[in-house]
Amino acid sequence: MLGNFGKHWHIGRTIYGKRTWRETRRTFLHTMRSCRHDSAVTEFENFFKSYTADPKLLQKHPSLYELMSRMFLIKNSTPQWRLEALRQHFTILQEVFTDEAIQLMYVDEVEFDYFDKKRGITLWSSDELDMSAHLYYEPGQRKEGFLTVMLLLEDKGVYHANIRFAKGSNGERTLVIGTIQGYKDGLERAKKITKKMYGYRPKNFITFLIREIGRAAQVESILAVSDEGFYANSHMVRGNKAKVAILDTLWEDIGGTVLESDPNYFIIPLEEERKPMEEIKSQKRSQYRNRYALLDEYEAMIQENIKPYVRA
Numbered sequence: 111m112l113g114n115f116g117k118h119w120h121i122g123r124t125i126y127g128k129r130t131w132r133e134t135r136r137t138f139l140h141t142m143r144s145c146r147h148d149s150a151v152t153e154f155e156n157f158f159k160s161y162t163a164d165p166k167l168l169q170k171h172p173s174l175y176e177l178m179s180r181m182f183l184i185k186n187s188t189p190q191w192r193l194e195a196l197r198q199h200f201t202i203l204q205e206v207f208t209d210e211a212i213q214l215m216y217v218d219e220v221e222f223d224y225f226d227k228k229r230g231i232t233l234w235s236s237d238e239l240d241m242s243a244h245l246y247y248e249p250g251q252r253k254e255g256f257l258t259v260m261l262l263l264e265d266k267g268v269y270h271a272n273i274r275f276a277k278g279s280n281g282e283r284t285l286v287i288g289t290i291q292g293y294k295d296g297l298e299r300a301k302k303i304t305k306k307m308y309g310y311r312p313k314n315f316i317t318f319l320i321r322e323i324g325r326a327a328q329v330e331s332i333l334a335v336s337d338e339g340f341y342a343n344s345h346m347v348r349g350n351k352a353k354v355a356i357l358d359t360l361w362e363d364i365g366g367t368v369l370e371s372d373p374n375y376f377i378i379p380l381e382e383e384r385k386p387m388e389e390i391k392s393q394k395r396s397q398y399r400n401r402y403a404l405l406d407e408y409e410a411m412i413q414e415n416i417k418p419y420v421r422a
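Structure, rendered in structure tokens:
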């Protein structure tokens, strides 16, 4: 079991550093768990060695090793389950996106600038609104997904979502939303966006963006992790209330319902429901008409922007 202790310890140091006793403790736990599940770690490494879209992806992102030692993505997940989640995501990613696009979204961690939010694939931008949306992998968000959708106003984050590709219960291509989060200082920016977009809230707009990614990837279903399934509800970490998400109300707000076969997820409609004009109060019809026209325009723009990055 301890044959690869030195290797796992070195990887742990790379992920966590060695400045404090907390980092040393995390390194030790990572090492022991990785040794215990050494065969799964070997499978994990072999998968990335043969990943033709970018054979050096794991070298660029050693923090992905943490998926083999931490209960991420869903509560009480096992290393083997997370390994399969990684395989499914990166396999579908390669089916959908060109190699160049994958390398653009997954830049080397050493070169990653957390202050530079305008990176990866630009999904959408508006000079008039001074807003943009981007798709890329942010290493610090690996607990909840393997891609981040970032919504910016005036080059500052308002909301971000963490997503991953997966296979559904029948093998269908699926997009999973791990979480949607706003920024502590983003409330005023969110109000600005709502006003600029005819009453359309930014957290709804980011789900609109996710649906458009799903459309480009030709997914057959969209799932969202429920509060019950959130990784911080695992018995190992549920004592940390700061990490507990409250997302069920958002999923319900966008038409989601709990997945009967697995309460860890909500199933989200592929299309956003639009109110018929006759059901809208007369004084608000103009606002809704303008909003829907704007979203139709953005839908076409997003698909056009993604087009160069997806396989024909």
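Its first residue numbered 111, the sequence shown is counted upward by one per residue in my numbering.
Think of the CB as a built atom: it goes at the ideal place given N, C-alpha and C, for glycine as much as any other residue.
Remember, it's a predicted structure, so these values are computed and weren't measured experimentally.
- Classified as buried, residue 251 has 16 or more neighbouring CB atoms from the shown chains inside 10 Å of its CB.
- About 6 Å separates the beta carbons of residue 168 and residue 174, which is inside the 8 Å limit, making them a contact pair.
- Three or more Cβ pairs closer than 8 Å define a contact, and the segment 156–168 falls short of that threshold against the segment 113–124.
- By the neighbour-count definition (other C-beta atoms within 10 Å, threshold 16), residue 329 is a buried residue.
- In this structure, 284 is the residue among 118, 284, 278 and 213 with its C-alpha nearest to the C-alpha of residue 325.
- Here the segment 364–380 does not lie against the segment 391–403, with fewer than 3 beta-carbon pairs under 8 Å apart.
- Within the segment 130–183, the runs of alpha helix (DSSP H) that reach at least 4 residues and sit entirely inside it are, in chain order, 131–146, 148–159 and 167–170.
- Non-local C-beta neighbours of residue 318 in its own chain, meaning closer than 7 Å and more than five positions away in sequence, comprise 382 and 405, ordered along the chain.
- Counting along the chain, residue 371 sits inside no alpha helix (DSSP H), nor does DSSP assign it H or E at all.
- Taking the Cα of residue 194 as reference, the smallest distance to any Cα among 417, 214 and 151 is reached at 151.
- About 7 Å separates the Cβ atoms of residue 215 and residue 257, confirming a contact at the 8 Å cut-off.
- Using a 10 angstroms sphere on the CB of residue 220, the tally of other CB atoms stays under 16, which defines it as exposed.
- For residue 340, the secondary structure class from DSSP, reduced to helix, strand or coil, is coil.
- Looking at 192, 278 and 199, the one whose alpha-carbon comes closest to that of residue 212 is 199.
- Residues of the same chain with a CB within less than 8 Å of the CB of residue 374, apart from the 5 flanking positions on each side, are 184, 185, 335, 336, 338 and 339 in chain order.
- Per DSSP, residue 289 lies in no alpha helix (DSSP H) segment; the continuous beta strand (DSSP E) that holds it begins and ends at 283–292.
- With 16 or more other Cβ atoms inside 10 Å of its own Cβ, residue 272 counts as buried.
- Assignment of residue 241 by DSSP, reduced to helix, strand and coil, places it in the strand class.
- In the DSSP assignment, residue 258 is bridged to 246 and 272.
- A direct Cα-to-Cα measurement between residue 281 and residue 391 gives close to 43 Å.
- For residue 295 and residue 260, the gap between their C-alpha atoms comes out near 15 Å.
- Going by C-alpha positions, residue 298 is about 43 Å away from residue 190.
- With fewer than 16 other CB atoms across the displayed protein chains lying within 10 angstroms of its CB, residue 131 is exposed.
- For residue 208, there is no enclosing beta strand (DSSP E), as DSSP marks it with neither H nor E.
- For residue 286, the CB contacts under 6 Å within the same chain, skipping 5 residues up- and downstream, are 274, 276 and 333 in chain order.
- Annotation for residue 178: 143, 144, 147, 150, 151, 154, 189, 192 and 193 place their beta carbon closer than 8 Å to its own, counting only its chain and skipping 5 residues before and after.
- Taking C-beta separations shorter than 8 Å and ignoring five residues to either side along the sequence, the partners of residue 196 in its chain run 154, 157, 174, 177 and 256, following chain order.
- Closest by C-alpha distance to residue 224, out of 115, 117, 320 and 249, is 249.
- Here residue 384 has 402 as same chain residues with Cβ atoms under 7 Å from its own Cβ, once five neighbours each way along the sequence are excluded.
- Per the coordinates, the alpha-carbon of residue 218 lies some 32 Å from the alpha-carbon of residue 356.
- Between residue 239 and residue 416, the CB-CB gap reaches or exceeds 8 Å.
- Counting of Cβ neighbours within 10 angstroms places residue 387 among the exposed residues, the total staying below 16.
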